[in-house]
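Protein chains in written order, with the numbering used here: chain A, 115 to 347; chain B, 115 to 347.
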């Protein structure tokens with residue numbers, strides 16, 4: 115009988131989940147809240163352009179806004195925008211639902227000893243309600259904007275989430291719905307997985323580096339064997 | 115001197131425009147209105163799935179809905195849904211704007227003798243307000259759902275619009291934001307042009323057959339020379 119090959123076995127991969135558009139169906143509410151906030155400053159940015167910025171850091175969002183509209187924003191304007199967006203979003207939070215399969219996917223991972231965390235560009239104040247939507251306890255591993263220097267597409271959120279799980283990021287799958295998640299995943303050295311549930315198209319997510327693209331968490335749960343996770347369902 | 119070649123010269127091409135997401139920034143309001151209408155029947159369809167159906171016929175929308183959710187809808191349910199959607203959309207119509215460059219593009223085409231018409235899957239009752247948003251008269255050439263047997267992705271709307279302009283559809287550019295527009299354009303034998311302003315990605319529109327993809331009407335106006343339209347700006 116041949117002796118087993120000698121090598122250091124890699125740790126089991128972990129999952130780092132984006133939140134909006136990935137676990138909860140909140141992208142369009144964020145879009146509408148930004149559209150309403152911008153109209154307070156008489157900024158008429160086309161709605162699809164706002165949609166494309168959801169999930170990126172607020173600072174980059176405002177920089178892109180200034181470039182695309184040519185407006186000049188004072189610090190007070192920016193603060194007002196961020197506050198109006200947060201208020202507008204929270205006012206609609208009652209219509210936000212968990213995405214199909216999200217709670218089941220997280221429960222199945224936990225049940226099979228596969229560790230995971232949430233990493234979101236949102237502040238704790240706007241993302242906290244997601245935990246109850248998903249039936250998760252308050253102490254769920256979650257990295258929010260409040261805890262890192264830069265949001266996506268900088269890799270900080272995923273680096274912090276991997277550190278929280280004490281895993282090297284190259285042993286992590288990053289699951290997200292936007293190109294910002296996938297760029298941040300690459301910069302963190304992790305493997306990106308795309309979901310269509312935030313409204314981006316499959317081709318766009320693939321071009322941004324997604325190894326696989328699923329419709330939503332339910333679809334990922336059904337096909338987790340493609341990621342090397344065995345017997346999840 | 116060589117004699118000119120002998121052939122029958124083709125007519126100047128015309129432009130057939132989709133409305134929602136192509137000339138006016140109304141897609142997300144339609145999405146929200148459908149989401150609210152569906153929730154009246156306790157149907158929680160993820161918002162991105164609704165977005166992907168905007169611009170297709172209401173009948174096909176409902177068929178897809180039944181397949182994806184497994185619900186059974188009575189004729190009364192379907193009538194209620196359509197009515198609730200129309201009411202919900204019209205209630206938000208005040209936040210709908212013309213897309214950047216839309217009015218200017220139509221005026222430039224008219225000014226240069228390039229003929230055009232609008233062809234929309236919406237009924238006149240929900241699309242009529244677009245004419246004033248675009249600064250157009252009531253007698254603007256427009257084919258609405260009321261006037262044809264089938265809406266997109268059937269080709270009827272574009273065939274009717276080409277007939278209105280007395281042009282063979284193969285001498286028409288169809289400009290739209292959704293894959294339904296581009297499929298209907300192919301079935302009509304016209305050349306499809308995609309706009310990103312309805313929220314679809316460039317790759318998806320190209321794969322559906324768009325010869326060119328522009329950001330919005332303003333971008334098309336600037337680069338109309340790529341379509342063989344000379345000196346538009």
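Think of the CB as a built atom: it goes at the ideal place given N, C-alpha and C, for glycine as much as any other residue. Bear in mind that the values here come from a model prediction, so they are computed numbers and not experimental data.
Exercise. Just how far apart, CA to CA, sit residue 177/A and residue 185/A?
Worked result: Within the first chain, numbered from 1, the residue matching residue 177/A stands at position 63. Within the first chain, numbered from 1, the residue matching residue 185/A stands at position 71. Distance between the alpha carbons of residue 177/A and residue 185/A is about 10 Å.
Exercise. Can you tell me where the beta strand (DSSP E) with residue 287/B in it begins and where it stops?
Worked result: Locating residue 287/B in the second chain gives position 173, where the first residue counts as 1. 286-290 is the span of the beta strand (DSSP E), which, as asked, contains residue 287/B.
Exercise. How many angstroms separate the CA atom of residue 331/A from the CA atom of residue 169/A?
Worked result: Residue mapping note: residue 331/A aligns to position 217 of the first chain, counting from 1. Residue mapping note: residue 169/A aligns to position 55 of the first chain, counting from 1. About 18 Å.
Exercise. How many Å lie between residue 259/B and residue 265/B at the Cα?
Worked result: Here residue 259/B refers to the residue found at position 145 when the second chain is read from its first residue. Here residue 265/B refers to the residue found at position 151 when the second chain is read from its first residue. Taking the straight line from one Cα to the other gives about 6 Å.
For this session: Please check if any C-beta of chain A sits within less than 9 Å of the C-beta of residue 203/B.
Result: As a working mapping, residue 203/B is identified with position 89 in the second chain. Residue 203/B does not count as touching chain A.
For this session: Would you mind telling me which residues of chain B sit closer than 8 Å to residue 318/A, beta carbon to beta carbon, in chain order?
Result: Indexing the first chain from 1 puts residue 318/A at position 204. Per Cβ cutoff of 8 Å: 315, 316, 317 and 318.
Exercise. Is it buried or exposed for residue 291/B, if we count other Cβ within 10 angstroms and need 16 for buried?
Worked result: Looking up residue 291/B in the second chain gives position 177. Looking at its Cβ environment, which holds 16 or more other Cβ atoms inside 10 Å, residue 291/B is buried.
For this session: Give every residue of the same chain whose Cβ lies closer than 8 Å to the Cβ of residue 116/A, excluding the five residues on either side of it in the sequence, and list them in chain order.
Result: Locating residue 116/A in the first chain gives position 2, where the first residue counts as 1. Taken in chain order, the list of residues that qualify is empty.
For this session: At 7 Å on the CB atoms, spell out the chain A contacts of residue 127/B, in chain order.
Result: Your numbering for residue 127/B matches position 13 in the second chain. Near residue 127/B there are no residues of chain A at all, since even the closest Cβ is about 26 Å away, more than 7 Å.
For this session: Taking residue 141/A as part of the beta strand (DSSP E), name the residues at either end of that continuous run.
Result: Taking the first chain and counting its residues from 1, the one referred to as residue 141/A is at position 27. For residue 141/A, there is no enclosing beta strand (DSSP E); the residue is found in the alpha helix (DSSP H) stretching over 141-154.
Problem set entry | According to DSSP, residues forming a beta bridge with residue 256/B | In the second chain, the residue the question calls residue 256/B occupies position 142. Note: residue 256/B sits in a beta bridge opposite 232/B.
Exercise. By DSSP, does residue 353/A sit in helix, in strand, or in coil?
Worked result: Since the first residue of chain A shown is 115 and the last is 347, residue 353/A is not available in this structure.
For this session: Just tell me which of 298/A, 207/A, 329/A and 318/A has its CA closest to the CA of residue 235/A.
Result: By 1-based counting over the first chain, the position of residue 235/A is 121. Distances from the alpha-carbon of residue 235/A to those of 298/A, 207/A, 329/A and 318/A put 298/A closest.
Exercise. Who are the neighbours of residue 312/A on chain B, taking C-beta pairs under 7 Å?
Worked result: If you number the first chain from 1, residue 312/A lands on position 198. The answer, in chain order, is 162.
For this session: On a CA-only basis, which of 294/A, 289/A, 345/A and 343/A is nearest residue 328/A? Give me that one, please.
Result: Translated into the one-based positions of the first chain, residue 328/A becomes position 214. It is 289/A.
Exercise. Do we get a CB-CB distance below 9 Å when we pair residue 185/B with the residues of chain A?
Worked result: What you label residue 185/B is simply residue 71 of the second chain in a count that begins at 1. Interface criterion not met: the Cβ of residue 185/B is under 9 Å from no Cβ in chain A.
Exercise. Nearest to residue 308/A by alpha carbon, out of 301/A, 317/A and 324/A?
Worked result: Residue numbering aside, residue 308/A sits at position 194 when the first chain is read from its first letter. Of the candidates 301/A, 317/A and 324/A, the one whose C-alpha sits nearest the C-alpha of residue 308/A is 324/A.
Exercise. Would a check of beta-carbon distances place residue 251/A closer than 9 Å to chain B?
Worked result: On the first chain, residue 251/A is found 137 positions in, with the first residue counted as 1. By this cut-off, residue 251/A is not an interface position.
Problem set entry | Separation of residue 231/B from residue 256/B, as counted between CA atoms | As a working note, residue 256/B is residue 142 in the second chain. As a working note, residue 231/B is residue 117 in the second chain. Roughly 6 Å separates the two Cα atoms.
Exercise. What residue from 172/B, 128/B and 165/B has the CA that sits closest to residue 268/B's CA?
Worked result: As a working note, residue 268/B is residue 154 in the second chain. Nearest option by C-alpha distance: 172/B.
Problem set entry | Enclosing beta strand (DSSP E) for residue 305/B [first to last residue] | Taking the first residue of the second chain as position 1, residue 305/B is located at position 191. Start and end: 305-309.
Exercise. Are the C-beta of residue 141/A and some C-beta of chain B separated by less than 9 Å?
Worked result: Position 27 of the first chain, counted from the start, is the residue given in the question as residue 141/A. Closer than 9 Å: yes.
For this session: Could you tell me the distance, in whole angstroms, from the CA atom of residue 334/A to the CA atom of residue 286/B?
Result: As a first step, residue 334/A must be located in the first chain, where it is residue number 220. As a first step, residue 286/B must be located in the second chain, where it is residue number 172. For the pair residue 334/A and residue 286/B, the Cα-to-Cα distance works out to about 42 Å.
For this session: Measure the Cβ-Cβ separation of residue 313/B and residue 165/A and say whether it is below 9 Å.
Result: Position 199 of the second chain, counted from the start, is the residue given in the question as residue 313/B. Position 51 of the first chain, counted from the start, is the residue given in the question as residue 165/A. By the CB criterion at 9 Å, residue 313/B and residue 165/A fall inside the cutoff.
Exercise. By the 10 Å Cβ neighbour count, where 16 or more other Cβ atoms means buried, how is residue 135/A classified, buried or exposed?
Worked result: Within the first chain, numbered from 1, the residue matching residue 135/A stands at position 21. Flag for residue 135/A reads buried.
Exercise. Fully enclosed by the region 177-209 of chain A, which beta strand (DSSP E) runs are 3 residues long or longer?
Worked result: Inside the region 177-209 of chain A, DSSP marks no whole beta strand (DSSP E) run of 3 or more residues.
For this session: Give a yes or no on whether the C-beta atoms belonging to residue 223/A and residue 137/A are separated by under 9 Å.
Result: Looking up residue 223/A in the first chain gives position 109. Looking up residue 137/A in the first chain gives position 23. Not in contact: residue 223/A and residue 137/A (Cβ atoms no closer than 9 Å).
Problem set entry | Sequence-distant residues of the same chain with beta carbon closer than 6 Å to residue 131/B, five excluded per side | As a working mapping, residue 131/B is identified with position 17 in the second chain. The residues 137, 232 and 289, in chain order, have a CB closer than 6 Å to that of residue 131/B in the same chain once the five nearest residues on each side in sequence are set aside.
Problem set entry | Paired residues, beta bridge with residue 134/A - DSSP | Translated into the one-based positions of the first chain, residue 134/A becomes position 20. Its beta-bridge partners are 138/A.
Problem set entry | Residue-level contact to chain A via CB, residue 327/B, 9 Å cutoff | Translated into the one-based positions of the second chain, residue 327/B becomes position 213. Answer no: the Cβ-Cβ gap between residue 327/B and chain A never drops below 9 Å.
Problem set entry | Closer than 9 Å to chain A by CB, residue 135/B | Taking the first residue of the second chain as position 1, residue 135/B is located at position 21. For residue 135/B, the nearest beta carbon of chain A is closer than 9 Å to its own beta carbon.
Problem set entry | Best match in 346/A, 210/A and 263/A for proximity to residue 133/A [C-alpha to C-alpha] | By 1-based counting over the first chain, the position of residue 133/A is 19. Minimum Cα distance to residue 133/A is reached at 210/A.
Exercise. What first and last residue would you give for the alpha helix (DSSP H) that runs through residue 293/B?
Worked result: As a working note, residue 293/B is residue 179 in the second chain. DSSP places residue 293/B in the uninterrupted alpha helix (DSSP H) bounded by 293-302.
For this session: Specify the secondary structure class of residue 262/B as computed by DSSP and reduced to three states.
Result: In the second chain, the residue the question calls residue 262/B occupies position 148. When secondary structure is reduced to three states using DSSP, residue 262/B falls in the coil class, being assigned neither helix nor strand.
For this session: Anything in chain A within Cβ reach of residue 330/B, meaning under 7 Å, just list it in chain order.
Result: Along the second chain, read from residue 1 onward, the residue named residue 330/B stands at position 216. Within chain A, the residues near residue 330/B are 160.
For this session: Apply the 10 Å Cβ neighbour rule to residue 182/B and answer buried if 16 or more other Cβ atoms are within range, or exposed otherwise.
Result: In the second chain, counting from the first residue as 1, residue 182/B sits at position 68. Per the 10 Å Cβ criterion, exposed.
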